[in-house]
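First comes the structure, then the notes that go with it.
Residue numbers (my numbering): 617 to 849.
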């Protein structure tokens, strides 16, 4: 009787153990399933990250290539601009020189003609004609115009007094001789005319006291000194 009860208890215990093992197995399988799902999710996320990384690397490579091309284009542009700048400096006077070449031709023809004929009058007339054509061309095309000085009132803005003399024939300081021609470039003095100035003889100026007050300021001597100082500066 006792043996039968013991066997039954033993059998019952085995059933309980089997049930416990079954529950443990189910729990393990469930946990394993969770891990498998998590691993699958992580692998999927990793794949997406790798895809995005590959895309970004491709974009970065393209941007780098674009940058290098732009840099090369800019360098070529810079070199081209530098060449054009150097050419502009090198050939800046080409228009002027092209206009001077015919003048040189005229001089050569005049010299050749004078050697053949020994006619001074013709040579002199030819030189004057060339000079006239030359100055007209410079005035017309480049705005270079002579400063007309002789007979004009002395103006320190365009005249440099080299010499002076008293004269009873003038009432104001007047240019009576051109030592060196002055020139305007358009409306600006390019070179002052170097001149001889006649000043009214003592007691014969009709300018009166006002002229005496401004004598130091506008005299040829002071103008010449001022121009000399400007040249030194």
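Just so you know, even glycine gets a beta-carbon here, dropped at the ideal spot from N, CA and C.
I'd like to know if the segment 795-810 and the segment 758-774 are in contact, where contact means that at least 3 CB-CB pairs between them fall below 8 Å. yes
Helix, strand or coil at residue 783 according to DSSP, with G and I counted as helix: strand
request  = Identify every run of the beta strand (DSSP E) within the segment 751-821, keeping only runs that are complete inside it and at least 3 residues long; order them along the chain.
outcome  = 760-763, 775-783, 790-796, 798-801, 804-807, 809-816
- request: Let me know if residue 748 comes out buried or exposed under the rule of 16 or more other beta-carbons within 10 Å of its beta-carbon.
  value: exposed
C-alpha distance - residue 727 paired with residue 734, whole-angstrom precision: 10 Å
Buried or exposed for residue 704, going by 16 or more other Cβ atoms inside 10 Å? exposed
query = Over what stretch of residues does the alpha helix (DSSP H) that includes residue 735 continue unbroken?
reply = Element bounds for residue 735: n/a, residue is neither H nor E.
Are residue 746 and residue 722 touching if we call contact CB-CB under 7 Å?
-> yes
Selection from 800, 692, 699, 663 that minimises the alpha carbon distance to residue 751 = 800
Residue 740: buried (16+ other C-beta within 10 angstroms of its C-beta) or exposed? exposed
request  = State the Cα-Cα distance for the pair residue 663 and residue 654, rounded to the nearest angstrom.
outcome  = 14 Å
Alpha helix (DSSP H) segments (min. 4 residues) lying fully within the segment 664-699:
none
To which residues of the same chain is residue 715 closer than 7 Å at the C-beta, ignoring the five residues directly before and after it?
-> 753, 757
Under 7 Å Cβ to Cβ from residue 686, same chain only, skipping five residues before and after it: list those, please. none
Check your understanding: What residue from 755, 713, 813 has the CA that sits closest to residue 772's CA?
Key -> 813
**Asked** Leaving out the 5 sequence neighbours to the left and right, which residues in its chain are closer than 7 Å to residue 766 when beta-carbon positions are compared?
**Response** 791, 792, 793, 794
* **Cβ neighbours of residue 732 in the same chain (closer than 6 Å, five flanking residues each side left out)** => none
Same chain, Cβ closer than 6 Å to residue 783, neighbours up to 5 away in sequence not counted | 814
For residue 774, count neighbouring Cβ atoms within 10 angstroms of its own Cβ and tell me buried if that reaches 16, exposed if not.
buried
>> Please return the same chain residues whose Cβ sits closer than 6 Å to the Cβ of residue 677, not counting the five positions on each side in sequence.
In response: none
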